[in-house]
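Structure, as structure tokens:
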Amino acid sequence: MIETKGYATHDDKAKFVPFEFSRRDLGPHDILIDIQYCGICHSDIHQARAEWEPMIPSIFPMVPGHEIVGRVSQVGAEVTKFSDGDFAGIGCFVDSCRECPACIAGIEQYCIKGSAQTYNSTEMDRKTPTYGGYSKQYVVDEKYALKINSKGDLSGVAPLLCAGITTYSPLKRWGAGPGKKVAVAGLGGLGHMGVKIAAAMGAEVTVLSTSPSKEKDARALGAHKFLVTKDEEAVKGATGTFDLILDTISAQHDYNFYLSLLGLEGVMVLVGVPTEPIPLNALSLIGGNKVLAGSLIGGIPETQEMLDFCAKHNIVADVEVIDPSRIEEAYDRTVKSDVRYRFVIDMQNA
Ligand code: NAP
Ligand code: ZN
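Residue numbers (the working numbering): 236 to 585.
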């Protein structure tokens, strides 16, 4: 076994302390990644604070983190995709059954038997706990690792492994592009990636935000319009205008209101996961022949495609790099929507 170190929380009060644990020895298809950076996703907070129970139980001790980039420092005997010294990334899952229709189609996140999540989960043996990227090293099968071709500082690349793919996949599927009016609801980690990617795809992008102070940033990120959702006049003018709304909001909100902003046959795709079910008026969908959809991260082939798209368009996340001693502060600030726009932990000197 490989002895390593991370930062774990031992209960849902989410205080992080140094945690020593083991990674498996490398199998023939495994690579060892020395982690440089790991982003803090709001899903880390939901799980560390046990906010998604009972649907997704929280397993403690928990080492969160699924926006991982680093350098390959060892490769198994049969590895072909990576060499020592390459940069590599890990997103939200590290294995899956490899034989169901979803796995064969490269949408392993929807593995019918349930994929092995990067943390707060188990390996496919359903016994060995998985620990995430708030740690020094990760051992992963090369099939579930991504190639990172960017040079230089990778802190802004880490968030692409979740926030990037979670926004790229539904934007692509629902046709964001020239001539399409796309709204991104919530300007946080996911939202700011959604703005950059939708703008690069050629769509007209509007941010729907509760934070008037984010307008300047939104425009710098590539948004053409900015709407404060509490501003009744502005909102009235936007009723029925969008082709696609990407809803990245992490807390309770009124879906019926956001659906009212869609035009005829418009699509609202949910990626944000509030902790409570929310009432939905059927008429919000029936009038206007609208679609309410959901989307979960993306499979390995599409994640690689997204990384290459971002490299081509010079897209990285806007990050605030922190030391692991500041994880709780970053959690509290993220919950208050006070993040510009992703906290990333520097694991190199941790
Ligand atoms: P985040 O950085 O905290 O951003 C969420 C944003 O939502 C905030 O910045 C804020 O934007 C807005 N917001 C917060 N509270 C709100 C409220 N009460 N009403 C309206 N808007 C509110 O979080 P994130 O990391 O982007 O994650 C967002 C959500 O997506 C989380 O629930 C996370 O678990 C989920 N997620 C899902 C997937 C997936 O595959 N589907 C993947 C990753 C994450 P403004 O200040 O602009 O209003
Ligand atoms: Zn995430």
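Cβ atoms here follow ideal geometry from the backbone N, Cα and C, with glycine treated the same way.
Residues that DSSP places opposite residue i in a beta bridge
i: K382; result: A323
i: L267; result: Q309, V374
i: I191; result: No answer is possible for residue 191: the residues shown for the chain start at 236 and end at 585.
i: T365; result: S356
i: D260; result: Paired residue(s): none; D260 is not in a bridge.
i: R577; result: V554
i: D330; result: A351
i: G341; result: G341 pairs with nothing; no bridge assigned.
i: L527; result: M503
i: C273; result: I303, I580
i: M297; result: T244
i: T538; result: Bridge partners of T538: none, in fact.
i: F254; result: G241
i: A420; result: L443, D482
Near the ligand ZN: residue i beta-carbon under 8 Å from a heavy atom
i: S444; result: no
i: A398; result: yes
i: C327; result: yes
i: E302; result: yes
i: S404; result: no
i: D482; result: no
i: D246; result: no
i: S278; result: yes
i: T538; result: no
i: T510; result: no
i: T401; result: yes
Residue i: CB within 8 Å of a non-hydrogen atom of the ligand NAP
i: S572; result: yes
i: K449; result: yes
i: Q352; result: no
i: S530; result: yes
i: L422; result: yes
i: V551; result: no
i: R577; result: yes
i: G387; result: no
i: S331; result: no
i: H488; result: yes
i: G507; result: yes
i: G457; result: no
i: S485; result: yes
i: L494; result: no
i: L425; result: yes
i: T315; result: no
i: H281; result: yes
i: T464; result: yes
i: T569; result: yes
Pick from the options that is closest to residue i, judged by C-alpha positions
i: I270; options: I325, Y576, E286; result: I325
i: N549; options: E302, K386, G274, A312; result: K386
i: I294; options: S404, S448, A249; result: A249
i: Q487; options: A340, T510, F477; result: T510
i: G475; options: M503, S485, H459, S448; result: M503
i: I268; options: E288, K525, G320, V252; result: G320
i: G274; options: I480, I562, V314, V375; result: I562
i: I383; options: P263, A585, S278, G305; result: G305
i: S318; options: V307, L499, V554; result: V307
i: I532; options: A283, S350, T244, T239; result: S350
i: S257; options: D558, Y373, K316; result: Y373
i: V463; options: P292, Y379, T445, P289; result: T445
i: P405; options: G534, S331, F328; result: G534
i: L456; options: V419, D489, S485, A473; result: V419
i: A323; options: V310, K525, S331; result: V310
i: F544; options: A565, T402, N491; result: T402
i: C276; options: D388, K378, A398; result: A398
i: K316; options: T365, E302, I266; result: I266
i: K371; options: G300, S572, V417, G423; result: G300
i: D388; options: E288, V417, A552, P296; result: A552
i: L505; options: D581, R361, W409; result: W409
i: H459; options: H281, E468, L443, K471; result: L443
i: K465; options: Y493, E439, D478, G522; result: Y493
i: P514; options: N491, L497, G498; result: N491
i: E238; options: F251, R259, K471; result: R259
i: E555; options: V574, A435, N516, K547; result: V574
i: A473; options: K449, T441, T483, I484; result: T441
i: F328; options: C346, A340, C335; result: C346
i: A528; options: T538, D581, D482, A283; result: D482
i: C338; options: E537, H245, P296; result: E537
i: K571; options: A435, E540, G423; result: G423
Any non-hydrogen atom of the ligand HEM closer than 8 Å to residue i Cβ
i: S356; result: Questions concerning the ligand HEM fall outside what the structure shown contains, since the ligands it does hold are the ligand NAP and the ligand ZN.
Beta strand (DSSP E) runs wholly inside the region 439-466, at least 3 long, in chain order:
Listed in chain order, the complete beta strand (DSSP E) runs (minimum 3 residues) inside the region 439-466 are 439-444, 460-463.
Going residue by residue through the region 475-499, where are the continuous alpha helix (DSSP H) segments of at least 4 residues, counting only ones entirely within it?
As far as the region 475-499 is concerned, its whole alpha helix (DSSP H) runs of at least 4 residues are 490-494.
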